[in-house]
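> Our numbering applies: residue 18 is where the sequence shown begins, and numbers increase by one.
Every residue, glycine too, gets a C-beta built ideally from N, C-alpha and C.
Everything numeric in this text was worked out from a predicted model, so none of it was measured.
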Amino acid sequence: MRQISRHRRPQGGNPRGQGVRLWGRHAVLAALANPERRVRRIWGTREALGQFDLPPVIPISYADVADLARLVARDAPHQGLVIEVDPLDDIFLADILQAEVDADSRRPLVLLDQVTDPHNIGAVLRSAAAFDAAAIITQDRHSPPESGVIARAASGALETVPWIRVVNLSRALEEIAEAQYWRIGLTGDTRTTLGETLDGSKVALVLGSEGDGMRHNVVEHCDVLARLPISPRMESLNISNAAAVALYAVATTAA
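This is the structure we're talking about:
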């Protein structure tokens, strides 16, 4: 494997010439603090911008609340701040796996199969940051591009948790297995609970979409299937809630 590095993606959900608008205090502050993020412009109310010591190289535009509302998604809670940035550079799975090996790390990976709701992607990023996951991994053509909705739901985690996009999730799972991760697919269609599968090994958690779950070929590339021990009164959990519970279980087992 190569040493960890960041590369520009030649293709993807956001063309390189197209900026991404983020909004809200947490998302904007995290973007400004991220040395990997190129900021194009920031808009804000005088009150909101007055709280920051912004670098002079960033173009600043003062605007009222109504003007800011026209820059973002409808009814988005911008909190007086909007920022336009370049999409983050791409990250290769091999680089993250090598970095984890070099650091002798046992942090979990989270793989999302055809999870397309940007709110869920953002919430999973937030949980991944909270429980110190090494990265989240999605298939490029079955996941949304970076957006203000994702950044807002992630509450800053978009800037701190590596988000790896791969061409083929099954091949990514093969690469993850070679790096000695135990691949656990979360589903309700098994009697085995997640706790029964955790033994302190390095873990890759695989979650499917809420409607269809994991695709067959993705299931075939898991070492074991497990369910969360939720009450029978509940049929299932939202994908972001399931990810948070599973990451907590992994973290407490590792401790």
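How far does the alpha helix (DSSP H) with Ser144 in it reach, from first residue to last?
First-last of the alpha helix (DSSP H) with Ser144: Pro135 to Ala147.
> What number of angstroms, rounded off, separates the C-alpha of Pro125 from the C-alpha of Val178?
In a straight line, the C-alpha of Pro125 is about 12 Å away from that of Val178.
> Measure the beta-carbon distance from Gly41 to His95 and round it to whole angstroms, keeping in mind my assumption that it falls under 8 Å.
Rounded, the Cβ-Cβ distance is 6 Å, consistent with contact.
> With which residues is Ile59 paired in a DSSP beta bridge?
Ile59 pairs with Ile77 and Ile100.
> Among Val267, Pro246, Thr207 and Val262, whose alpha-carbon lies nearest the alpha-carbon of Ser218?
The shortest C-alpha separation from Ser218 is found at Val267.
> Based on Cα-Cα distance, which residue from Ser187, Pro162, Ala271 and Gly205 lies nearest to Asn234?
For the residues Ser187, Pro162, Ala271 and Gly205, the minimum Cα distance to Asn234 belongs to Ser187.
> Hey, which unbroken runs of the alpha helix (DSSP H) at 4 residues or more fall wholly within the region 235 to 272?
Runs found: 256 to 271.
> Starting from the Cα of Ile138, find the closest Cα among Ile59, Leu49 and Gly165 and give me that residue.
The candidate whose alpha carbon is nearest that of Ile138 is Gly165.
> Apply the 10 Å Cβ neighbour rule to Ala259 and answer buried if 16 or more other Cβ atoms are within range, or exposed otherwise.
Its Cβ being crowded by 16 or more others within 10 Å, Ala259 is buried.
> Comparing alpha-carbon positions, which option in Glu237, Arg55, Ala50 and Leu88 lies nearest Asp70?
The residue with the shortest Cα to Cα distance from Asp70 is Ala50.
> For Ala152, list the residues DSSP reports as bridge partners.
Paired residues: Leu126.
> Have a look at Leu88, Asp130, Tyr198 and Gly205 and flag the residue whose alpha-carbon is nearest the alpha-carbon of Asp216.
Minimum Cα distance to Asp216 is reached at Tyr198.
> Sorted by chain position, which residues of the same chain lie with C-beta nearer than 6 Å to Ala196's C-beta, five sequence neighbours on each side aside?
Closer than 6 Å at Cβ, skipping near neighbours: Leu114.
> Between which two residues does the beta strand (DSSP E) harbouring Arg38 extend?
First-last of the beta strand (DSSP E) with Arg38: Val37 to Trp40.
> Decide if the region 139 to 156 is in contact with the region 66 to 85; the criterion is three or more beta carbon pairs, one per stretch, under 8 Å apart.
No, the region 139 to 156 does not touch the region 66 to 85.
> So for Leu105, helix, strand or coil by DSSP?
Leu105 falls in the coil class under three-state DSSP.
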